[in-house]
Amino acid sequence: MQSIEVSLDQRSYPIFIGVPEATGLALAWRSRISDASKFIVIVDSQVIDIARSTIQGLGLQTSEVAMIEVPSGEPSKSVEQMHRLWSCMASLRADRKTVIVAVGGGVIGDLAGFLAATWNRGLRFLQVPTTLLAMVDSSVGGKTGINLPEAKNVVGAFWQPSLVWIDLRSMNSLPDREYRSGLAEVVKYGVILDQEFFDWLESNADAILRRESSILEHLVVRCCELKAQVVTQDEHETTGLRAVLNYGHTFGHAIEALASYGTYLHGEAISIGMTMAGRLALALGQWDSESLNRQTRLLERFGLPVGLSLSGQAHAASDSLTPTRMLDAMRLDKKTSHGKLNFILPTKIGHVASRGDVEAALIVEAIEACQFSR
Ligand code: NAD
Ligand code: GLY
Numbered sequence: 015m016q017s018i019e020v021s022l023d024q025r026s027y028p029i030f031i032g033v034p035e036a037t038g039l040a041l042a043w044r045s046r047i048s049d050a051s052k053f054i055v056i057v058d059s060q061v062i063d064i065a066r067s068t069i070q071g072l073g074l075q076t077s078e079v080a081m082i083e084v085p086s087g088e089p090s091k092s093v094e095q096m097h098r099l100w101s102c103m104a105s106l107r108a109d110r111k112t113v114i115v116a117v118g119g120g121v122i123g124d125l126a127g128f129l130a131a132t133w134n135r136g137l138r139f140l141q142v143p144t145t146l147l148a149m150v151d152s153s154v155g156g157k158t159g160i161n162l163p164e165a166k167n168v169v170g171a172f173w174q175p176s177l178v179w180i181d182l183r184s185m186n187s188l189p190d191r192e193y194r195s196g197l198a199e200v201v202k203y204g205v206i207l208d209q210e211f212f213d214w215l216e217s218n219a220d221a222i223l224r225r226e227s228s229i230l231e232h233l234v235v236r237c238c239e240l241k242a243q244v245v246t247q248d249e250h251e252t253t254g255l256r257a258v259l260n261y262g263h264t265f266g267h268a269i270e271a272l273a274s275y276g277t278y279l280h281g282e283a284i285s286i287g288m289t290m291a292g293r294l295a296l297a298l299g300q301w302d303s304e305s306l307n308r309q310t311r312l313l314e315r316f317g318l319p320v321g322l323s324l325s326g327q328a329h330a331a332s333d334s335l336t337p338t339r340m341l342d343a344m345r346l347d348k349k350t351s352h353g354k355l356n357f358i359l360p361t362k363i364g365h366v367a368s369r370g371d372v373e374a375a376l377i378v379e380a381i382e383a384c385q386f387s388r
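Everything in the sequence shown is counted per the numbering used here, starting at 15 for the first residue and increasing by one.
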């Protein structure tokens, strides 16, 4: 397996990526944790088989490990589910030496990570991401948390895992729509940080969609390298550097919350959000239309939406997605300070800058330009 270090002094940890040997996970955690009392595996109900083989890979006795199943889907990132998990921890007599293992996508990683951050004021935890989105983004960097009906991810903590274990075989069972959703965050890395990687995505789009193993491995490794570099330099998003990872997210989080969680997958909402942000950058004269077109073409090539849809469940939600409602929801975003919205906007492919002085009328125009376009 390849390994990438997230360098954060005492909170440093490795990300392992590839197809592991049978004993790989046991060796990896034992070299980092010497005093575990028990392991509690929090698993998405759709990936119980992956959790079972993860438990086997941990190399523990049955009495040393418990598994808690969480219903799949964004609505599980809730206060209610969190409360249930805290109660389970009490029943299982979890103590300070208990290690949490998150097996699932970003929902489980964020939820189990917040459980680890809050139980006994902090337990060690392992991230075992099973979606592309979680492999390239959410399992790395220590952002954990839950949603409120009013806004996404507003209750949470920075809490780094002890290691991230990416077994690429999990991609074999991932449904197409979920895979494509992960590709939105992949495109994001190209636009915000790495023009060469963006070019590579364009050139290898077919192989990426076929999930060819060597291509997939390169893709996950590059995204994790980029994320690790950013997190190492600005762990708690205080200098503005980590904020670049939020490209498209101010719009995207509002879409997710207003359409009710799960209508648009996270990556789908981010794809629309990046398109809105791209249009805003264009209107502000800081981006060119050819770059916006390249971004749009790549997102569409990956089967991602670049506008608010008129069809199906998403259409039923479109009444809630008026520009005025979106603006209100965006003001609840964590990037808002002193009531002012901050946007991460591209200046060229591979580079973004933060803008805090954007007129509401331009934001509305950017939203309207992406409404009902498909
Ligand atoms: P998810 O966790 O809901 O998983 C998507 C779906 O795939 C679920 O239905 C799940 O049951 C299923 N699934 C997972 N692995 C599978 C597999 N191997 N085979 C078959 N089915 C599988 O969604 P996601 O896209 O992984 O994550 C989205 C969440 O991540 C959002 O809540 C978002 O806010 C969060 N996020 C967090 C960060 C962070 O830094 N913490 C970054 C980006 C996104
Ligand atoms: N996904 C944004 C971040 O980790 O900062």
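We put the beta carbon where it would ideally sit given N, CA and C, even for glycine.
The model shown is predicted, which means the values in this text are computed figures rather than measured ones.
CA nearest to the CA of A283, picked from I64, N307, L197 and R44: Of I64, N307, L197 and R44, the smallest CA-CA separation from A283 is found for L197.
Which same chain residues, not among the five before or five after S195, have their C-beta less than 7 angstroms away from its C-beta? Taken in chain order, the residues that qualify are L147, L279, H280, G281 and E282.
Under the assumption that P360 contacts G292 (Cβ atoms under 8 angstroms), give the Cβ distance between them as a whole number of angstroms. Cβ-Cβ separation between P360 and G292: approximately 6 angstroms, consistent with a contact (criterion under 8 angstroms).
Examine the Cβ distances between the segment 55-62 and the segment 72-85 and report whether three or more of them are shorter than 8 angstroms. The segment 55-62, when compared against the segment 72-85, does touch it at the 8 angstroms Cβ threshold.
Rank S92, E164 and V205 by C-alpha distance to the C-alpha of V121 and give the top, closest one. Sorting S92, E164 and V205 by C-alpha distance to the C-alpha of V121 places S92 at the top.
Would you grab the beta carbon distance between Y275 and N134 for me? Rounded to a whole angstrom, and I think it's under 8 angstroms. Contact doesn't hold; Cβ gap of about 29 angstroms is too wide.
Is the distance from the Cβ of M288 to the Cβ of G321 below 9 angstroms? Going by C-beta atoms, M288 is not nearer than 9 angstroms to G321.
What's the gap between the Cα of S21 and the Cα of E251? About 15 angstroms.
What is the DSSP secondary structure of G281, reduced to helix, strand or coil? Reduced to three states, the DSSP call for G281 is helix.
Ignoring anything shorter than 3 residues or poking outside the segment 121-152, list the beta strand (DSSP E) runs there in chain order. List check, beta strand (DSSP E) in window: 138-143.
Under 8 angstroms from any heavy atom of the ligand NAD, does the C-beta of G196 make it? Yes, the Cβ of G196 comes within 8 angstroms of a heavy atom of the ligand NAD.
Any idea if V234 is buried or exposed, counting beta-carbon neighbours within 10 angstroms, 16 or more meaning buried? Under this definition V234 is a buried residue.
Distance cut-off 8 angstroms: K241 Cβ against heavy atoms of the ligand GLY: True, at least one ligand heavy atom lies under 8 angstroms from that Cβ.
Close-in-space but distant-in-sequence residues of the same chain around E382 (CB under 7 angstroms, 5 per side omitted): Excluding positions up to five away in sequence, the list reads P337.
Count the other CB atoms within 10 Å of the CB of T277; is the residue buried (16 or more) or exposed (fewer)? The residue in question, T277, is buried, as its Cβ has 16 or more Cβ neighbours within 10 Å.
Buried or exposed (CB count within 10 angstroms, at least 16 for buried), I18: Buried: at least 16 other Cβ atoms inside 10 Å.
Hey, would you say V154 sits closer than 9 angstroms to C102, going by beta carbons? It is not a contact, given that the beta carbons lie outside the stated cut-off.
Judging by CA-CA distance, which residue of W43, G38, D347 and R311 is the nearest neighbour of D213? Considering only alpha carbons, the answer is R311.
May I ask you to check if the CB of D125 is nearer than 8 angstroms to at least one heavy atom of the ligand GLY? Rather than Asp, the amino acid found at residue 125 in this sequence is Leu. No; taking the cut-off as 8 angstroms, the Cβ of L125 has no heavy atom of the ligand GLY nearer than that.
Nearest to S368 (by Cα), restricted to the options V113, K354 and G170: It is K354.
Sort V115, M15 and R25 by Cα distance to V245 and report the nearest one. Per the Cα distances, R25.
Helix, strand or coil for W100 per DSSP? Here W100 sits in helix by DSSP.
Run the CB neighbour count on I286, radius 10 Å, all protein chains shown included, and call it buried at 16 or more, exposed below. Counting the other CB atoms within 10 Å of its CB gives I286 a total of 16 or more, which places it among the buried residues.
Measuring only the C-alpha atoms, how far is F316 from L223? In a straight line, the C-alpha of F316 is about 7 angstroms away from that of L223.
Would DSSP call Q385 helix, strand or coil? In the three-state DSSP reduction, Q385 falls in the strand class (E or B).
Pull up the DSSP beta-bridge partners for K362, would you. Note: K362 sits in a beta bridge opposite H365.
Member of L335, L140 and E192 whose CA lies at the smallest distance from the CA of A40: Nearest of L335, L140 and E192 to A40, Cα basis: L140.
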